[in-house]
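See structure below.
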Amino acid sequence: MKYTPKDGYVEFIPEDDFDLPRIFECGQCFRWNADENGVYTGVAFGRAAKIRREGDKVIISGSVQDFEDIWREYFDLDRNYAEIRRGLCIDDYMRSASEFGAGIRLLKQDKWEALCSFIISQCNNIPRIKKI
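Number 97 in this note's numbering belongs to position 89 of the sequence shown; there are no gaps in the numbering.
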């Protein structure tokens, strides 16, 4: 994964599937919210960040150290999701399901946050959970 440190943020070009609304709105996490410009603000592992997409580039606030220590792993940036999806396309049904989920990455969340999100999600919907 190549990235470019800038003043106060890091810029990278994802090698494969990386769609911010699909990642943050699919129900696996609830502490990331978009503003009217599609800039997501959230918290993970005690660090707040803003992340946005500009064309093929993704820009995340923070230092190179935060990117290396938190965000690279959190967004699972070293895994090839497109290759995994191709391997799942064993029939029309799986091809359709794979295409539907394109762009989603599995966030490597803090275990406690993942557990709380799972428990709260029972019999709820995403907008209500975000308010909780």
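C-beta: ideal position from N, C-alpha, C; glycine also.
Only a predicted model underlies this, so the values are computations on that prediction, with no experimental measurement involved.
- Cβ atoms of Gly-111 and Asp-25 come within 8 Å of each other, at about 5 Å.
- With contacts defined as CB atoms closer than 7 Å, Ile-78 and Phe-53 qualify as a contacting pair.
- Remark: fewer than three beta-carbon pairs, one from each stretch, lie closer than 8 Å, so the segment 36–43 and the segment 87–107 are not flagged as touching.
- In this structure, DSSP gives Ala-110 a state outside helix and strand, which the three-state scheme calls coil.
- Taking every protein chain shown into account, the CB of Ile-59 has 16 or more other CB atoms within 10 angstroms, so this residue is buried.
- The three-state reading of DSSP puts Glu-81 in helix, counting H, G and I together.
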